[in-house]
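Undergrad: Residue numbers (my numbering), protein chains in the order written: chain A, 5 to 437; chain B, 2 to 201.
Got a structure here, written out as structure tokens. Questions coming.
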């Protein structure tokens, strides 16, 4: 049975970018309903839905909201994480460019639930088009009385602002983002205290990803039970956007119930391009371990099943690699990324990512030494668990899987003194040929 | 499932220039902003009345004035033709009453802020894995050939500079690059050559 899109239902309906157009397509029913509920009831509904964070960590959203203390007398904040910098991920850009009001509605409901009267949407500085569209949509929402001193006539005060970053992956880490929002270098903070208690400007703060918040209007409108009925089990609920890239015929953002088998997702993308065989795929962005295609062909793409397979759902950025792909070259590129993006605060991450790039680059160039694979494994051990934030562990993900699963490719590079795989050229029509 | 969705690549849904103006107070500073300012202070002030007003408007959004720093740096960089000369950083530090060292620390942390002059047109090529898998290395080669300069160098006529960049979030249209504020997608060597020729 065909799955009716929920999060992407307004894609292809540009009129939904305005409040009027969005309302005509059923929008703002969730917020209207939420404003008539008690804030605690809204949180309970989200808890019932089982919604887990879509940014990477998969933390239960309702639970996160319930951690915000209501008795401190301080201002409270929602910071929407629209930094989307995980390589392979482009789903949040789609949500902002095609359905900005859905995000505004989700943010507004969250603000009401935790009684925050200010929301910042922290968007990466490169997303100039999404930024312009969001700015326009927010202005429209103010004009329509959705935002402002009297949100939808409820008496609830809510201000919402876009805040553009300036190019730093680490600002997607929640406390790095808060530092950046406050006008500082985006270096993650020591936790605890967690942002729910001391977040932006020293105040209680909720931080949620764009896709997480985009789910919220639907949960309130149609009920947590309805939402919990979508997906594989009670720990993996709701619709999920999968951003598929790499060697498939039709890369793009695909919406499925969470837990769709990889094989079905691949079919939806027209399969591996050029009639080639699948070699491997990354299920959840650059930080996730690489999975061999044959062994995990039918893997259900949810939080727990992918974790059991030794990788992670992460941001659900699925990168597909065909049989001609050099795994050393691929992982070397990711290592270069993590080295560049390490904020430099923790020695194991700063030094370790540098060494990982150096070793992998020399192996790829055919200058690797026999002991390099074990040296890489050793560096992984020393970074894991030894940095303040998750970037260190993220950097280890792909490298560790290379050493464990594709050890023979490292050996071959070292033995041959050259990369045995072909260079990658653009296909003349720019698409799968 | 029937006819599968590929919404991100459906053509024609988003107007080419987006809606609203990319030169708004918060827009990224990636755009062509005319001639880069010289390395020594010109006669005109770094912060003109319009910039001061835009910064003042933004200040009302935050409980702490320091929070306006990154948006303000975007404004100043755009005004200075795409880079941040030292005197511009000093001027902004003074205006916001922040320690210059602190402001320099922020400038050096972020990839979109530049302390060297850039070309009138600035090209950023995504070379991360999804683009690498679809040929971004060749896009870099074509740019080197067409422009006759190395990465991060400016052409003699000041027209262009290019650099590789981390994932730009457009992996479904790989290989891709950003020319000033605009994403150029599904690139081929031919397409890159003609895009470069169009830049003035």
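Every residue, glycine too, gets a C-beta built ideally from N, C-alpha and C.
Answer yes or no: does any C-beta atom of chain A fall closer than 8 Å to that of residue 23 of chain B?
TA: Here residue 23 of chain B corresponds to residue number 22 of the second chain, with the count starting at 1. Here residue 23 of chain B scores only 32 on pLDDT, less than 50, and its place in the model should not be relied on; the value that follows carries that caveat. Answer yes: the Cβ-Cβ gap between residue 23 of chain B and chain A drops below 8 Å somewhere.
Undergrad: Pull up the CB-CB distance for residue 142 of chain A and residue 181 of chain A, whole angstroms please, since I reckon it's below 8 Å.
TA: As a working note, residue 142 of chain A is residue 138 in the first chain. As a working note, residue 181 of chain A is residue 177 in the first chain. Their Cβ separation, rounded to whole angstroms, is 19 Å, which puts residue 142 of chain A and residue 181 of chain A out of contact at 8 Å.
Undergrad: Could you have a look at residue 25 of chain B and say whether DSSP puts it in helix, strand or coil?
TA: Taking the second chain and counting its residues from 1, one reaches residue 25 of chain B at position 24. Legend: pLDDT at residue 25 of chain B = 36, less than 50; position of this residue unreliable, no value from coordinates given.
Undergrad: Could you give the C-beta distance for residue 216 of chain A and residue 98 of chain A, rounded to a whole number, given that I count them as a contact under 8 Å?
TA: Taking the first residue of the first chain as position 1, residue 216 of chain A is located at position 212. Taking the first residue of the first chain as position 1, residue 98 of chain A is located at position 94. In fact, because the Cβ distance is near 15 Å, the residues do not count as touching under 8 Å.
Undergrad: Could you tell me whether the segment 144–159 of chain B touches the segment 100–115 of chain B, where touching means 3 or more Cβ pairs closer than 8 Å?
TA: no
Undergrad: Residues of chain A with CB closer than 9 Å to the CB of residue 141 of chain B, please, in chain order.
TA: Locating residue 141 of chain B in the second chain gives position 140, where the first residue counts as 1. Under the 9 Å cutoff, chain A gives no residues; its nearest Cβ is about 11 Å from residue 141 of chain B.
Undergrad: How should residue 92 of chain B be labelled, buried or exposed, when 16 other C-beta atoms within 10 angstroms of its C-beta is the threshold for buried?
TA: For the purposes of this step, residue 92 of chain B is taken as the residue at position 91 of the second chain. Answer is buried; the Cβ neighbour count reaches 16.
Undergrad: Measure from the C-beta of residue 67 of chain B to each C-beta in chain A and report whether the shortest distance is under 8 Å.
TA: On the second chain, residue 67 of chain B is found 66 positions in, with the first residue counted as 1. For residue 67 of chain B, the answer is yes, since a Cβ of chain A falls inside 8 Å of its Cβ.
Undergrad: With a threshold of 8 Å between beta carbons, is residue 177 of chain B in contact with chain A?
TA: Working through the second chain from its first residue, we reach residue 177 of chain B at position 176. Not one chain A Cβ lies under 8 Å of residue 177 of chain B.
Undergrad: Would you please verify whether the beta carbon of residue 107 of chain A is less than 8 Å from any beta carbon of chain B?
TA: One-based indexing of the first chain puts residue 107 of chain A at position 103. Closer than 8 Å: no.
Undergrad: On a CA-only basis, which of A/43, A/27 and A/204 is nearest residue 85 of chain A? Give me that one, please.
TA: For the purposes of this step, residue 85 of chain A is taken as the residue at position 81 of the first chain. If we check each option's Cα against that of residue 85 of chain A, A/204 comes out closest.
Undergrad: For chain A, is any of its Cβ atoms less than 8 Å away from the one on residue 105 of chain B?
TA: Stepping through the second chain from its first residue, residue 105 of chain B is reached at position 104. By this cut-off, residue 105 of chain B is not an interface position.
Undergrad: Given 8 Å as the limit, is there contact between the segment 414–428 of chain A and the segment 327–334 of chain A, that is, 3 or more CB pairs closer than that?
TA: yes
Undergrad: So, helix, strand or coil for residue 163 of chain A, using DSSP?
TA: Counting from one through the first chain, the residue named residue 163 of chain A turns up at place 159. Three-state DSSP puts residue 163 of chain A in a strand.
Undergrad: Would you please state the rounded distance, in angstroms, between the beta carbons of residue 264 of chain A and residue 305 of chain A? I believe it to be under 8 Å.
TA: For the purposes of this step, residue 264 of chain A is taken as the residue at position 260 of the first chain. For the purposes of this step, residue 305 of chain A is taken as the residue at position 301 of the first chain. The pair is a contact, with the Cβ atoms about 6 Å apart (cut-off 8 Å).
Undergrad: Can you name the start and end residues of the beta strand (DSSP E) that residue 417 of chain A belongs to?
TA: Numbered from its first residue, the first chain carries residue 417 of chain A at position 413. Residue 417 of chain A -> not in any beta strand (DSSP E); alpha helix (DSSP H) instead, spanning 411–420.
Undergrad: So residue 125 of chain B is in the alpha helix (DSSP H); what residue range does that whole segment cover?
TA: The count along the second chain starts at 1 and reaches residue 125 of chain B at position 124. From DSSP, residue 125 of chain B is part of no alpha helix (DSSP H) but of the beta strand (DSSP E) over 122–127.
Undergrad: Residues of chain A with CB under 9 Å from residue 133 of chain B, in chain order?
TA: Within the second chain, the letter at position 132 stands for residue 133 of chain B. Going along chain A in sequence order, the residues near residue 133 of chain B (Cβ under 9 Å) are 333, 334, 337 and 428.
Undergrad: Please report how far the alpha carbon of residue 420 of chain A lies from the alpha carbon of residue 127 of chain B, in whole angstroms.
TA: Taking the first residue of the first chain as 1, we reach residue 420 of chain A at position 416. Taking the first residue of the second chain as 1, we reach residue 127 of chain B at position 126. Whole-angstrom Cα-Cα distance: 30 Å.
Undergrad: Out of B/201, B/171, B/166 and B/172, which one is the CA nearest neighbour of residue 340 of chain A?
TA: In the first chain, residue 340 of chain A corresponds to position 336, counting from 1. Comparing Cα positions, the closest option is B/166.
Undergrad: Leaving aside the five residues before and after residue 94 of chain A along the sequence, list all residues of the same chain whose C-beta is less than 6 Å from its C-beta, in chain order.
TA: By 1-based counting over the first chain, the position of residue 94 of chain A is 90. Same-chain partners within the cutoff: 247.
Undergrad: Identify every residue that forms a DSSP beta bridge with residue 240 of chain A.
TA: In the first chain, residue 240 of chain A corresponds to position 236, counting from 1. According to DSSP, which records beta bridges pairwise, residue 240 of chain A is partnered with A/237.
Undergrad: Does chain B have any CB closer than 8 Å to the CB of residue 193 of chain A?
TA: Along the first chain, one-based indexing puts residue 193 of chain A at 189. Output row for residue 193 of chain A: interface = no.
Undergrad: Just how far apart, CA to CA, sit residue 227 of chain A and residue 131 of chain B?
TA: Locating residue 227 of chain A in the first chain gives position 223, where the first residue counts as 1. Locating residue 131 of chain B in the second chain gives position 130, where the first residue counts as 1. Cα to Cα, residue 227 of chain A sits roughly 37 Å from residue 131 of chain B.
Undergrad: Leaving out five residues before and five after residue 32 of chain B in sequence, what residues of the same chain have Cβ atoms less than 6 Å from its Cβ?
TA: Here residue 32 of chain B is taken as the residue at index 31 of the second chain, counted from 1. Bear in mind that the predicted position of residue 32 of chain B carries a pLDDT of just 45, short of 50, making it too unreliable to give a figure here.
Undergrad: Could you give the residue range of the beta strand (DSSP E) that holds residue 390 of chain A?
TA: As a first step, residue 390 of chain A is located in the first chain; it is residue number 386 there, counting from the start. Unbroken run through residue 390 of chain A: none, as it is neither H nor E.
Undergrad: Residue 110 of chain A: which of A/232, A/35 and A/302 sits nearest, CA to CA?
TA: Position 106 of the first chain, counted from the first residue, corresponds to residue 110 of chain A. Out of A/232, A/35 and A/302, A/35 has the C-alpha closest to the C-alpha of residue 110 of chain A.
Undergrad: Using 8 Å for Cβ pairs, my map puts residue 55 of chain A next to residue 231 of chain A. What's the rounded Cβ distance?
TA: Residue mapping note: residue 55 of chain A aligns to position 51 of the first chain, counting from 1. Residue mapping note: residue 231 of chain A aligns to position 227 of the first chain, counting from 1. Sure, about 7 Å apart at Cβ, within 8 Å.
Undergrad: Quick one: grab the DSSP three-state call for residue 259 of chain A.
TA: Start at 1 with the first residue of the first chain, and residue 259 of chain A comes out as number 255. In the structure shown, residue 259 of chain A sits in a strand (DSSP, three-state: E or B).
Undergrad: Just mark residue 356 of chain A as buried or exposed, buried being the case when its beta carbon has 16 or more other beta carbons within 10 Å.
TA: Along the first chain, one-based indexing puts residue 356 of chain A at 352. Sixteen is the threshold: when 16 or more other Cβ atoms of the shown chains lie within 10 Å of the Cβ of residue 356 of chain A, as they do, the residue is buried.
Undergrad: Looking at chain B, is there any beta carbon in it that lies within less than 8 Å of the beta carbon of residue 225 of chain A?
TA: Residue numbering aside, residue 225 of chain A sits at position 221 when the first chain is read from its first letter. Residue 225 of chain A does not count as touching chain B.
Undergrad: Residues of chain A with a CB under 8 Å from the CB of residue 136 of chain B: which are they?
TA: Against the second chain, residue 136 of chain B aligns to sequence position 135. Correct list: 428, 429, 430 and 431.
Undergrad: Is it right to say residue 201 of chain B is buried, meaning 16 or more other beta carbons lie within 10 angstroms of its own, or is it exposed?
TA: Residue 201 of chain B sits at position 200 when you count from the first residue of the second chain. Exposed, by the Cβ-count rule.
Undergrad: How long is the line joining the alpha carbons of residue 11 of chain A and residue 233 of chain A, rounded to whole angstroms?
TA: By one-based count along the first chain, residue 11 of chain A stands at place 7. By one-based count along the first chain, residue 233 of chain A stands at place 229. Distance between the alpha carbons of residue 11 of chain A and residue 233 of chain A: 16 Å.
Undergrad: If you count every other CB in all the chains shown that lies within 10 Å of the CB of residue 168 of chain A, and 16 or more means buried, which is it?
TA: Along the first chain, read from residue 1 onward, the residue named residue 168 of chain A stands at position 164. Residue 168 of chain A is buried by the Cβ-count criterion.
Undergrad: Looking only at C-alpha atoms, which of B/69, B/67, B/89 and B/57 sits nearest to residue 42 of chain B?
TA: To locate residue 42 of chain B, count along the second chain from 1; it is residue 41. That would be B/89, whose Cα lies nearest to the Cα of residue 42 of chain B.
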